[in-house]
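Quick note on numbering: the sequence shown equals residues 2 to 330 in this note's numbering.
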Amino acid sequence: MLIGRGFIAVTCPLVLVLGVAGNAAAQLRLPEIVLGVRPYAESLTCDDAPRPCDAAYAADEIGVFEFLVYTLEYARELRFGLDWPAEWQVLSWETCHPGELDGDPTQPGHGFSFQFAGCTDGTIPILRIVMDCTVPGRFTSSPHPSTGDIVLLDCDGELHQSSWLEHIYVEIGDFCGRLPQSGCVMCPESVVGFVDPALIQLEVVRGATVLDTVRVNAAPKCFVLPECGGQDTDRPCFQGVSSGAEWLDVDLISEKGFDHWYRLTVHADALSLGEQRTRLQVMGGSTCCRPTCAEVVVQVVEGPPDPTRRVSWGSLKRGTFGAVTKDKD
């Protein structure tokens with residue numbers, strides 16, 4: 002059944018499969034479910050969707066996309082959840098296999114229970130959802146919100162429960178903290194670490210200097226699963242933090258274990274009034290560690306005419322993307 006309204010044509014086909022595991026596919030099992038995405042076009046159908054492992058992993062730009070949910074097992078029943086940013090708008094959805102669907106594909110954070118008529122064939126999606134993605138974000142699988150689990154009943158009557166589904170997602174748009182990976186490439190790259198917080202928001206009087214601190218948690222060397230060649234642990238991973246703007250200085254002030262503390266200095270003497278944006282680049286040291294970043298947003302305001310005025314915000318407390326708390330000195 003197809004439910005929805007107007008479509009917007011998009012070109013350049015793109016699709017994705019996500020999951021976890023390692024190079025030695027014979028030793029590491031594929032996930033029961035994978036996700037896909039491709040730019041939407043009105044002519045697209047369930048039958049012309051790429052096979053699960055013939056997929057890219059993300060879209061760099063926002064826009065209208067078709068999200069695809071696959072099962073790699075021959076399934077009779079499937080229970081799981083899906084989530085996506087509240088700003089995204091569902092334009093249409095369709096099931097691709099005969100059977101009954103319990104769930105609302107028009108709202109994020111809902112659970113789904115499928116009872117298929119016969120067995121899925123593992124080659125075409127079980128569900129398509131077309132959304133207008135107006136902001137960067139993730140389309141992600143999760144445990145069913147009512148039952149707290151992810152369950153697949155295969156055609157031999159075997160019950161599968163897998164935590165892998167909690168780490169499968171499709172990424173749309175450009176944002177810090179992205180970690181591209183593929184469910185069919187069994188040894189995904191790892192990110193260098195994480196920045197706490199991932200969004201740093203400051204206010205500075207024009208002509209003044211602002212100090213702040215940020216924590217980077219990163220392993221000094223690569224960590225690879227044994228099935229993926231993990232015997233080589235001497236390759237460097239974390240290689241420091243750099244600034245993306247001339248008005249922002251970044252200096253290492255302390256480190257203990259995996260934690261590295263950096264002082265951020267914002268020089269507002271050459272900045273215009275209003276919002277200024279840049280990124281902290283967290284650099285990886287080898288191919289096994291992908292770089293990551295943190296967003297820096299500075300609001301420059303009018304204030305006292307003294308250009309030597311110094312403002313200190315102190316240390317940032319732990320925050321999350323889009324929500325930061327600070328202590329004022």
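The beta-carbon is built from N, C-alpha and C at its ideal position, and this holds for glycine as well. This one's a predicted model, so the numbers in the text were calculated from it and none came from an experiment.
Thr96 and Glu33 closer than 8 Å at C-beta: When the beta-carbon positions are compared, Thr96 and Glu33 stay at least 8 Å from each other.
Secondary structure of Trp94, DSSP reduced to three states: Trp94: strand per DSSP, three-state reduction.
Coil, strand or helix - Tyr71 by DSSP: Three-state DSSP puts Tyr71 in a strand.
Nearest-angstrom Cβ-Cβ length linking Ile127 and Thr121, presumed shorter than 8 Å: That belief holds up - the Cβ atoms of Ile127 and Thr121 are roughly 6 Å apart, short of 8 Å.
Environment of Glu276 [buried if 16+ CB atoms lie within 10 Å]: Glu276 should be labelled exposed.
Contact between the region 261-275 and the region 295-304 (3+ Cβ pairs under 8 Å): Verdict: yes, contact present.
Glu204 versus Gly138, Leu272, Asp49, Asp197, residue with shortest Cα-Cα distance: The shortest Cα separation from Glu204 among Gly138, Leu272, Asp49, Asp197 belongs to Leu272.
Closer than 8 Å to chain D by CB, Cys156: This model lacks chain D altogether, as it is built from one protein chain only.
Where the beta strand (DSSP E) through Glu204 begins and ends: It spans 200-206 - the beta strand (DSSP E) in which Glu204 sits, taken as one unbroken run.
Three-state secondary structure (DSSP) of Arg179: In this structure, Arg179 counts as coil in the three-state DSSP scheme.
Residue interval of the beta strand (DSSP E) (run including Pro40): Start and end: 34-40.
Exposed unless 16 or more other CB atoms sit within 10 angstroms - verdict on Leu36: When all chains shown are included, Leu36 counts as buried.
Minimum C-alpha distance to Trp89 - residue among Asp260, Thr107, Tyr170: Cα-wise, what sits closest to Trp89 is Thr107.
Candidates Asp133, Val206, Arg207, Gln240: closest to Lys222 by CA position: It is Gln240.
Supposed contact pair Arg280 and Cys177 - C-beta distance, whole angstroms, cut 8 Å: That belief holds up - the Cβ atoms of Cys177 and Arg280 are roughly 7 Å apart, short of 8 Å.
First through last residue of the beta strand (DSSP E) which encompasses Phe259: Neither: Phe259 is in no beta strand (DSSP E) and is coded neither H nor E.
Residue of Arg278, Cys134, Asp157 minimising C-alpha distance to Glu247: With distances taken between Cα atoms, Glu247 lies closest to Arg278.
Where Leu272 sits in the DSSP three-state scheme: Under the three-state reduction of DSSP output, Leu272 falls in the coil class, being neither helix nor strand.
Span of the beta strand (DSSP E) around His161: Note, His161: beta strand (DSSP E), 160-162.
Beta carbon of Arg179 nearer than 8 Å to that of Asp197: No. Outside cutoff.
Beta carbon of Leu212 nearer than 8 Å to that of Ser142: Going by C-beta atoms, Leu212 is not nearer than 8 Å to Ser142.
Sequence-distant residues of the same chain with beta carbon closer than 6 Å to Gly110, five excluded per side: If the five residues before and after Gly110 are omitted, its C-beta is found closer than 6 Å to the C-beta atoms of Asp84, all from its own chain and listed in chain order.
Residues near Thr124 by beta carbon distance below 6 Å, same chain, minus five either side: Counting only Cβ-Cβ distances below 6 Å, and skipping sequence neighbours, we find Arg52.
Reference Thr210; option with closest CA among Val171, Ser243, Asp250: With distances taken between Cα atoms, Thr210 lies closest to Asp250.
Contacts around Asp260, its chain only, beta-carbon distance under 8 Å, and the 5 residues preceding and following it disregarded: Hits under 8 Å: Arg216, Val217, Asn218.
Presumed contact (8 Å Cβ cut-off) between Gly331 and Phe113, rounded CB distance: Look at the range of the chain in this structure, 2 to 330, and you will see that residue 331 is not part of it.
Contained alpha helix (DSSP H) runs [length at least 4] in the region 115-141, N- to C-terminal order: With a minimum length of 4 residues, no continuous alpha helix (DSSP H) run stays inside the region 115-141.
Alpha-carbon spacing of Thr46 relative to His98, whole angstroms: When the Cα atoms are used, Thr46 and His98 turn out to be separated by approximately 12 Å.
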